[in-house]
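Structure first, then comments.
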DNA sequence: AGGGCTTGTAGTAATTTTATGAAAATGATG
DNA sequence: CATCATTTTCATAAAATTACTACAAGCCCT
């Protein structure tokens with residue numbers, strides 16, 4: 007019973023953040039005042055916001071219209087929705103003179119924001135397909151190089167509880183060897199942020215050529231994505247900002263969580279289905295139930 | 007900086023629904039008009055809503071005040087937020103018959119919720135101390151066993167860019183050997199969710215006895231926490247629920263992100279501090295400053 | 001110096017809120 | 001059970017706040 011309407015991708019706050027550079031002096035002052043404390047902005051009157059931004063009221067009004075609102079009140083409503091939609095604390099880069107409390111908060115919030123974005127972008131159908139493949143796997147291998155090595159390792163731990171042989175490899179040579187040696191029924195999960203590492207793409211293709219199912223957790227429309235049987239698309243906001251840490255790893259890990267949970271659940275359902283089949287096979291030997 | 011309130015569990019819409027019976031005739035008409043099409047209500051003016059509910063404008067206003075809003079505009083903002091809060095199943099456990107879309111969403115949301123909780127519980131002072139130790143380290147070792155192995159591995163990758171020797175170990179034997187061989191100036195970061203693994207505690211004590219600084223990322227008041235030089239306390243809501251995956255790993259990873267970022271930042275700042283020290287050492291050779 | 005873009009001033013329009021009193025409901029009492 | 005008193009409910013209208021428009025001054029860039 008999902009079906010929460012209202013999820014047109016508004017995200018006014020992000021919009022403001024993005025268009026910050028394309029605004030003229032005064033309107034940028036307005037934008038900055040809003041970003042400084044978005045939730046407070048929803049409580050301001052146009053006069054109060056104008057004062058906070060040190061501009062005139064009509065400037066605020068023009069600013070609102072610039073973001074395709076009919077006026078200030080409409081803008082406030084949209085802003086309020088944008089805040090509640092999850093992505094509350096967008097932006098705010100880490101500054102060299104931030105205190106520990108400040109940048110710790112910023113990292114946490116940006117991670118949260120990224121996760122929420124990933125949540126909205128997640129494709130359940132791809133996940134379902136991936137889970138189906140994983141359930142039927144004779145053997146599962148997780149491939150992750152560099153930064154994704156830890157994700158692969160984590161995946162190995164998570165999938166260990168299922169009674170399937172699971173391994174993870176962070177080494178191109180080993181990966182290639184495994185890919186070369188695999189066959190139909192094997193599943194290989196390739197984790198890569200960019201999806202553009204030549205070696206990785208090559209290995210994925212090799213594995214597929216040998217009949218293995220290749221599940222990719224990577225960037226949409228990347229060469230690696232093309233090479234996979236099924237792709238769970240992940241687009242993280244990798245800030246080029248030096249201080250900003252990789253959010254993609256966190257998202258990848260959470261995707262692994264979802265896959266593992268999916269396998270657990272489906273196995274249960276499968277099991278129930280199995281029981282049902284047995285029961286039904288017994289039916290002919292019994293009398294039909296009363297009524 | 008931090009301090010973003012706003013996430014009191016509003017859910018105005020639910021509130022209205024609940025209090026529907028306790029309202030008098032006219033106010034109920036208002037409530038019904040709003041519930042008939044909540045998102046339309048956010049676009050109405052007080053006059054329009056009054057007409058839609060077939061009551062007078064002050065009635066609408068009184069209604070708004072009844073739901074602890076300062077007035078109609080404030081009410082509309084709250085309503086907009088309530089609608090947009092696309093958080094239908096926060097805190098809900100995963101059910102065996104959830105669709106993929108449903109449980110994927112639940113996992114994401116619960117992870118987000120956990121991160122946010124961790125954010126509020128973070129102790130900046132402990133983080134600052136840990137960062138100080140890490141900067142001064144001659145050598146850093148990350149220890150994580152079982153599920154925390156991937157966190158340790160990730161940490162190794164992150165700290166690689168600093169010019170300090172970094173290693174990670176997921177094996178008790180290797181950890182013990184490293185702990186036995188370390189000396190003053192070495193920093194060991196022990197990552198453990200429970201903080202109650204005997205082996206890990208023992209290793210931490212051994213390392214400290216040899217003069218190493220031991221930073222713990224673990225549960226507060228745990229035996230491991232006692233054994234550390236400084237502890238970054240992490241309390242994740244580890245749902246005992248079978249289907250719920252470990253949120254602690256994600257939090258641990260984010261803590262690592264914070265530490266790595268802190269080291270990057272402080273290196274810059276440290277340089278300034280260094281300069282200051284040199285300056286101060288020169289003070290005695292000068293006359294006291296005027297005033 | 002003049003055209004185009006930006007921004008503020010001042011006045012106007014719209015909207016919300018308060019004040020006030022009338023109508024309805026409740027309840028007590030003869 | 002009728003009647004009056006009291007309270008609650010509600011709408012009209014006026015006041016106050018808030019948002020919008022027109023226009024003019026200012027700035028920047030050839």
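Protein chains in written order, with my numbering: chain A, 7 to 297; chain B, 7 to 297. Each residue gets a CB set at the ideal place from its N, CA and C atoms; glycine is no exception. Quick caveat, the model's predicted, so the values are computed rather than measured.
Exposed or buried, what is residue i when buried is set at 16 or more other beta-carbons lying within 10 Å of its beta-carbon?
| i | result |
| --- | --- |
| residue 176 (chain B) | buried |
| residue 254 (chain B) | buried |
| residue 123 (chain A) | buried |
| residue 42 (chain A) | exposed |
| residue 20 (chain B) | exposed |
| residue 153 (chain B) | buried |
| residue 112 (chain B) | buried |
| residue 302 (chain B) | Coverage of chain B is limited to positions 7 through 297, which leaves residue 302 (chain B) absent and any answer about it impossible. |
| residue 110 (chain A) | buried |
| residue 189 (chain B) | exposed |
| residue 246 (chain B) | Confidence in residue 246 (chain B) is poor, its pLDDT being 48 and thus under 50, which makes the residue's placement too unreliable to answer from. |
| residue 27 (chain B) | exposed |
| residue 199 (chain A) | buried |
| residue 142 (chain A) | exposed |
| residue 273 (chain B) | exposed |
| residue 23 (chain B) | exposed |
| residue 44 (chain A) | buried |
| residue 4 (chain A) | Shown here, chain A extends from 7 to 297; a query on residue 4 (chain A) therefore has no answer. |
| residue 147 (chain B) | buried |
| residue 204 (chain A) | exposed |
| residue 160 (chain A) | buried |
| residue 94 (chain A) | Confidence in residue 94 (chain A) is poor, its pLDDT being 49 and thus under 50, which makes the residue's placement too unreliable to answer from. |
Among the options, whose alpha-carbon lies nearest the alpha-carbon of residue i?
| i | options | result |
| --- | --- | --- |
| residue 116 (chain A) | B:263, B:201, B:213 | B:263 |
| residue 172 (chain A) | A:163, A:274, A:201 | A:163 |
| residue 106 (chain B) | A:119, A:125, A:147 | A:125 |
| residue 70 (chain A) | A:18, A:144, A:221, A:273 | A:18 |
| residue 209 (chain B) | B:200, B:161, B:183, B:89 | B:183 |
| residue 194 (chain A) | A:180, A:204, A:221 | A:221 |
| residue 88 (chain B) | B:127, B:120, B:47, B:128 | B:47 |
| residue 118 (chain B) | A:225, A:259, A:67, A:227 | A:259 |
| residue 66 (chain A) | A:205, A:36, A:84 | A:36 |
| residue 252 (chain A) | A:68, A:120, A:24 | A:120 |
| residue 145 (chain A) | A:151, A:229, A:187 | A:187 |
| residue 201 (chain A) | A:229, A:216, A:86, A:181 | A:229 |
| residue 174 (chain A) | B:181, B:156, B:167 | B:156 |
| residue 127 (chain B) | B:224, B:267, B:269 | B:224 |
| residue 231 (chain A) | A:217, A:132, A:25 | A:132 |
| residue 180 (chain A) | A:83, A:151, A:227, A:86 | A:151 |
| residue 168 (chain A) | A:86, A:268, A:85, A:196 | A:268 |
| residue 192 (chain B) | B:86, B:227, B:218, B:50 | B:218 |
| residue 129 (chain B) | A:140, A:211, A:134, A:108 | A:108 |
| residue 266 (chain B) | B:196, B:136, B:242, B:239 | B:136 |
| residue 226 (chain B) | B:50, B:241, B:170 | B:241 |
From which residue to which residue does the beta strand (DSSP E) around residue i run?
| i | result |
| --- | --- |
| residue 221 (chain B) | 219-224 |
| residue 239 (chain B) | 236-239 |
Taking the alpha helix (DSSP H) that residue i belongs to, which residues open and close that run?
| i | result |
| --- | --- |
| residue 104 (chain B) | Looking at the DSSP string, residue 104 (chain B) is not in any alpha helix (DSSP H), and its letter there is neither H nor E. |
| residue 45 (chain A) | 44-47 |
| residue 233 (chain A) | 229-233 |
| residue 27 (chain B) | Looking at the DSSP string, residue 27 (chain B) is not in any alpha helix (DSSP H), and its letter there is neither H nor E. |
TODO: Any chance you could list the beta strand (DSSP E) runs of at least 3 consecutive residues sitting entirely within the region 52-79 of chain A, in chain order?
DONE: none
Task: Cβ contact (3+ pairs, closer than 8 Å) linking the region 99-110 of chain A and the region 215-235 of chain A - done: no
- [ ] Taking only runs that begin and end inside the region 136-210 of chain A, name each unbroken alpha helix (DSSP H) of 4 or more residues, in chain order.
- [x] 155-165, 178-187
Task: the region 29-36 of chain A touching the region 76-83 of chain A, judged by at least three CB pairs closer than 8 Å - done: no
TODO: Would you be able to state if there are at least three C-beta pairs under 8 Å between the region 53-61 of chain A and the region 53-69 of chain B?
DONE: no
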